[in-house]
Amino acid sequence: HEPILDPSLHQHLDRKINFVAGVIHPWRVSAFERLLWRACRGYLVASFVEMPEPMEDPATGETITWVIFLISYWGEQIGQKIRKISDCFHCQVYPYPESEASREETMNGLHSQIQDLSLVLEETEQYLAQVLDKVAVALPTWRVQVQKMKAIYLVLNQCSFDVTQKCLIAEVWCPVRDLTQVQDALRQGSYKSGSSVECFVQRIPTSESPPTLIRTNKFTAGFQSIVDAYGVASYQEVNPAPYAIITFPFIFAIMFGDVGHGLLMFLFALWMVVYENSPSLRQASNEIWQTFFEGRYLILLMGAFSIYTGFIYNECFSKATVIFPSAWSVATMANHSSWSSAYLATHPTLTLDPNVTGVFRGPYPFGIDPIWSLATNHLNFLNSFKMKMSVVLGIVHMGFGVLLGVFNHVHFQQRHRLVLEFLPEMVFLLALFGYLVFLIFYKWITFSAADSLVAPSILIHFIDMFLFTSNAGNLPLYRGQVAVQTVLVVLALASVPVLLLGTPLYLCCRRRQVATEEQEPLLEGQEAGNSVNTTKEDVESGGHSPDAEHLDFAEIFMHQAIHTIEYCLGCVSNTASYLRLWALSLAHAQLSEVLWTMVMRNGFVGLSYVGGVVLVPVFAAFAVLTVAILLVMEGLSAFLHALRLHWVEFQNKFYVGAGYKLCPFAFAVDTGE
Amino acid sequence: MPGYSEFYFNVDHGYLEGLVRGFKAGILTSADYVNLAQCETLEDLKLHLQTTDYGNFLANETGPLTISTIDDKLKAKLLTEFHYFRNHAFEPLATFLNFITYSYMIDNVILLITGTLHQRPIAELVPKCHPLGSFEQMEAVSIASNPTELFNAILVDTPLAAFFQDCLSENDLDEMNIEIMRNKLYKSYLEAFYKFCEKQGSTTAEIMRPILEFEADRRAFIITINSFGTELSKDDREKLYPTCGKLYPEGLHLLANADDYEQVKCVADYYAEYKAVFEGVGSGTGEKTLEDAFFEHEVKLNVLAFNNQFHFGVFYAYVKLKEQECRNIVWIAECISQRHRTKINNYIPIF
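First to last, the protein sequences are chains A and B.
For the first sequence, this note's numbering begins at 1 and goes up steadily by one.
For the second sequence, this note's numbering begins at 1 and goes up steadily by one.
Written as structure tokens, this is what we have:
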């Protein structure tokens, strides 16, 4: 920076030029300049230069392009004014050495300082990057390790300390079959950790009810889970899951029966099963997909059974297939009635009379005759069939449920319940509803088209049976029907008080017997368990006082009364509930028929090339609607209803379901699914 | 358009008016003051203030609580609110808000000059300035030695330049001259503000007129009373009175000739509301002072401003009421910290 005045003149005037150098915020430059000019005009020269690159403001942290200024002035007073003004504007003032040489020196020093600092910063950043890279590689393993350690410590927290405070005692439930395995594992663990004291396991008696463990494989797990969803089986109770493997898909299929839809469902499940080990299928995060995937074996069986029932209903995408020739002959009917062309033109519907020989040649070998899909009274025939089928299946299912109760009674050493509960229940069910099933089958076998005009109505017979009345217009099905029916009704009514009072009275008598025979106090050794975690007061002591005995009787009686009412009324309502099998299969059939006639058939209208092109979007719509409505919606609906039938109508005949599951400790990362 | 401000006010100023009314709802009520007066320590006071609109304004204060920190933080809150208004304001509201700040600017300039006169370092004086009245060149006033220099160098770029016309003189700044300069500046400012409000017309003028008139008359009374016993001549005194008040011109003339307090009171008796103000004043220690009476009257006028909508007066009233609230809280805090609770209820309740 050159001096402003000529050096010789400079000396002569005896004025020294001083400098003030600093940095100012760019927004304040104009006001600063103006104030300087007004206050010290003529005594200073100020120059402003913008900084080449922005720097961070230490106070606020923003990056601002500062403006550097250099003021050259002479006079002491002016200098003070200038300094006050620059303070007022909050400028950062830097010392500005007088001579050129010292200025150069300062600049070099600052440059080298900047270089050193940037070098240090670079090195530090590189080092940090290296450390972080190493950590990033090892981080997932560390995370897993930490989670495992945390899980282990959580479990250790649940253990209690020994008297000596030196070892932990854990009380666990363990399956008897796995006891040796547990001992081996403990021995191995002690050996591997190199400890001097060995861990060991010891059986202790307890009065708590144990958890339920049912071992399943990947196939049975699905069925067990739908049973467990309602309630985990009580300890050692009979498990309905093995039977559900077949009954559940079958009941589903009755509501879903269609070969085409069943085949699609079966193929979908087959794909999931074949590729079940692929990680992309297994670890999808979509919850809905996970639900479908875990039920893949269920869906497989459901699809397979639906193909079977589809063949029985003779429906494939709502079209009947003619595998065997139809048993009805239109030609014979036409020849018999000599239908002329004029007659055919004026009568859109024609009746095939089975009483004419040769028209109906016997029942179709397997399933429903395909001619029914052409008939306008298709539903009349099908409804009667499906309704009776639902009732029959329902009563068989429920009877099977009552039968399973036998296993419970035998296992829990309650043989009195065989006679006092199982027998009256079975008599009630079979005498009334078993007889209904018999009537259905009897009428199917003994009555034919020949006597269709005089065929008796089962419904009216059934009502008359209960009301002990008779209807003149309704012929009896067989000889002695009235007598048989009266006996059955009386039997059923007689079984109700047996069911109601049998068990309570028996239990009451037995307790009175026990009380009079033994009066000795409980011995020490009969304590219900020397568990470390409970004290003597926590454990319930046996023995009842006389008034407690009364209370118990009232409770047992109440319990039995509820059970009786529930069972008897339930028989009626649950039988009616099975009619949903009919309702849903009807809905499914109608929906698929609507889809065919309203959507797909319109694609076949045009028979030209254009028609061929139009067929493509029509088929697309048909396919999408089939999958969305018929497979997904109807499938879920039928699944839900089949599940409800199992959970309520079937299981409340024998299942208690008040247990809890055995949850062994496992690292969540390991289970993988 | 006179009287039709509701048609077009909200376009530019509706948001801010809504905002200021929201803030007004947070002004402390008498119940709050009763609570505050019952506090035993400054910490209690802080706790009570947390439940009001002030919230956690003292939350980041480390160290023991002092009155000056409380005062600073109260002012800081008002400052943020006012800056928000100013940054979001359109003309003419922006000019109106600027006018509000000019009175503080005048006070700051006078404070700095006085301080410089007594050789105080500038860094000590700057924190004492009112934050609402700070301007960029404020700290540079210390370089000036007489009013002309002050004007020519520094104030000419500031908005105060317009008010400086009467004050230019070559006399050095000393005690008396500084006070005269202050009053002259304030007179110009008040008259300019009054003219501005009149120019706005309609509701703004209607509301601001009584407030500014009262301000002008109050200055006249105070100047008169303070000048008893000083060297200020009666003519000089008359030159300092703002002319935009009710007392102009006869009242001001009478005031200029007054010699003691009684004569001043007589002048006030000619005007109904000032008579009422002077009635309540006593000179004993337990009674209200004149300043308190004036503050009370001012608060009444400012509260009335909120009864009308679509005018700028609400902003002025809000700032003045917040100031009064500040003074109230500081008064209570002082009484608490000095444990001199006899006069603790001498605050002026607003709502």
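Built from N, CA and C at the ideal position, the CB exists for glycine as well.
Values in this document were obtained by computation on a predicted structure and should not be read as measured data.
Find the residues of chain A that neighbour residue i, judging by a C-beta separation of less than 9 Å, and give them in chain order.
| i | result |
| --- | --- |
| I180 (chain B) | The premise fails here: I180 (chain B) is roughly 24 Å from chain A at the closest Cβ pair, so nothing lies under 9 Å. |
| E136 (chain B) | R28, A31, F32, L35, C88 and F89 |
Measuring only the C-alpha atoms, how far is residue i from residue j?
| i | j | result |
| --- | --- | --- |
| I368 (chain A) | I323 (chain A) | 11 Å |
| I122 (chain B) | N328 (chain B) | 29 Å |
| Y313 (chain A) | S592 (chain A) | 13 Å |
| K263 (chain B) | T243 (chain B) | Correcting the residue type first, residue 263 (chain B) is Gln in the shown sequence and not Lys. Rounded to the nearest angstrom, the two C-alpha atoms are 20 Å apart. |
| V356 (chain A) | A450 (chain A) | 10 Å |
| D269 (chain B) | E291 (chain B) | 17 Å |
| F360 (chain A) | S329 (chain A) | 7 Å |
| V201 (chain A) | L418 (chain A) | 40 Å |
| K320 (chain B) | L19 (chain B) | 16 Å |
| T626 (chain A) | L436 (chain A) | 38 Å |
| D259 (chain B) | F228 (chain B) | 7 Å |
| L645 (chain A) | A583 (chain A) | 14 Å |
| F604 (chain A) | W444 (chain A) | 41 Å |
| F135 (chain B) | V126 (chain B) | 11 Å |
| G231 (chain A) | H641 (chain A) | 17 Å |
For a cutoff of 8 Å on Cβ pairs, would you count residue i as touching chain A?
| i | result |
| --- | --- |
| I143 (chain B) | yes |
| N108 (chain B) | no |
| A161 (chain B) | no |
| N152 (chain B) | yes |
| D292 (chain B) | no |
| I113 (chain B) | no |
| I122 (chain B) | yes |
On the three-state DSSP scale, how would you describe residue i?
| i | result |
| --- | --- |
| S5 (chain B) | helix |
| A589 (chain A) | helix |
| Q283 (chain A) | coil |
| G358 (chain A) | coil |
| M51 (chain A) | coil |
| L522 (chain A) | Model confidence at L522 (chain A) stands at a pLDDT of 46, short of 50, so the residue's coordinates are unreliable and nothing is read from them. |
| F19 (chain A) | strand |
| A327 (chain A) | coil |
| I214 (chain A) | coil |
| I348 (chain B) | coil |
| E198 (chain A) | coil |
| K661 (chain A) | strand |
| Q352 (chain B) | An answer regarding residue 352 (chain B) cannot be provided, because it is not within the stretch 1 to 351 covered by chain B. |
Cβ of residue i less than 8 Å from any chain B Cβ?
| i | result |
| --- | --- |
| K661 (chain A) | no |
| R103 (chain A) | no |
| A39 (chain A) | yes |
| L35 (chain A) | yes |
| K192 (chain A) | no |
| T534 (chain A) | Residue placement at T534 (chain A) cannot be trusted, given a pLDDT of 45 that sits under 50; what the coordinates show is reported in the next sentence. No, T534 (chain A) lies away from the interface with chain B (no Cβ there is under 8 Å from its Cβ). |
| R28 (chain A) | yes |
| I78 (chain A) | no |
Use the C-beta contact count for residue i: other C-beta atoms within 10 angstroms, 16 or more gives buried, fewer gives exposed.
| i | result |
| --- | --- |
| I71 (chain A) | buried |
| W37 (chain A) | exposed |
| N354 (chain B) | Given that chain B is displayed from residue 1 to residue 351, the structure contains no residue 354 (chain B) and the question cannot be resolved. |
| S280 (chain A) | exposed |
| A576 (chain A) | exposed |
| C509 (chain A) | exposed |
| G109 (chain A) | exposed |
| K16 (chain A) | exposed |
| R21 (chain B) | exposed |
| V109 (chain B) | buried |
Does the beta carbon of residue i fall short of 7 Å from some heavy atom of the ligand FMN?
| i | result |
| --- | --- |
| Y33 (chain B) | Only the bare structure without any ligand can be found here, which leaves the ligand FMN out of the picture. |
Against residue i, what residues of chain B qualify as contacts under a CB-to-CB distance less than 8 Å, listed in chain order?
| i | result |
| --- | --- |
| I85 (chain A) | A140 and I143 |
| K81 (chain A) | I143 |
For a contact defined as C-beta to C-beta under 8 Å, what are the partners of residue i on chain E?
| i | result |
| --- | --- |
| V156 (chain B) | No chain E is present in this structure, whose protein chains are A and B. |
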